[in-house]
Amino acid sequence: MTGRELSYLAGAGSAALLIAALGFQAAGYAPCELCILQRWPHVAAVIIAALVWLTGWTRALAVLGMIAAGMAMGF
């Protein structure tokens with residue numbers, strides 16, 4: 474698999490998780506504070522996958538994603 478295909482797969486997986494979480498919320502399950510915080514990395518993954526799809530900048534966006542993940546681990 475190429476880096477571009479992997480980014481599509483990661484973005485699709487994150488989008489599926491977000492859709493499922495919003496589906497549970499629409500069904501009446503109230504999310505906890507941690508559940509809401511855990512959605513943001515998935516939103517970032519979907520945005521990065523969309524940017525790869527639109528621009529084709531696989532390597533630059535992979536580095537950006539690694540930097541963002543490292544910063545998130547520091548918080």
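Quick note on numbering: the sequence shown equals residues 474 to 548 in the working numbering. Glycine residues also receive a C-beta, built at the ideal position from the N, C-alpha and C atoms.
Residue i and residue j closer than 8 Å at C-beta
i: Leu517; j: Ala483; result: Before going further, note that residue 517 is Ala rather than Leu in the sequence given. No, they are not a contact pair.
i: Ile521; j: Gly543; result: no
i: Leu524; j: Leu534; result: yes
i: Ala494; j: Cys505; result: no
i: Gly532; j: Gly496; result: Rather than Gly, the amino acid found at residue 532 in this sequence is Arg. Not a contact, by the Cβ cut-off of 8 Å.
i: Arg512; j: Leu479; result: no
Rounded straight-line distance, which links the Cα of residue j to that of residue i
i: Gly486; j: His515; result: 9 Å
Pick out the complete beta strand (DSSP E) segments inside the segment 496 to 526, 3 residues or longer, and give them in chain order.
DSSP runs (the beta strand (DSSP E)) wholly in the segment 496 to 526: none.
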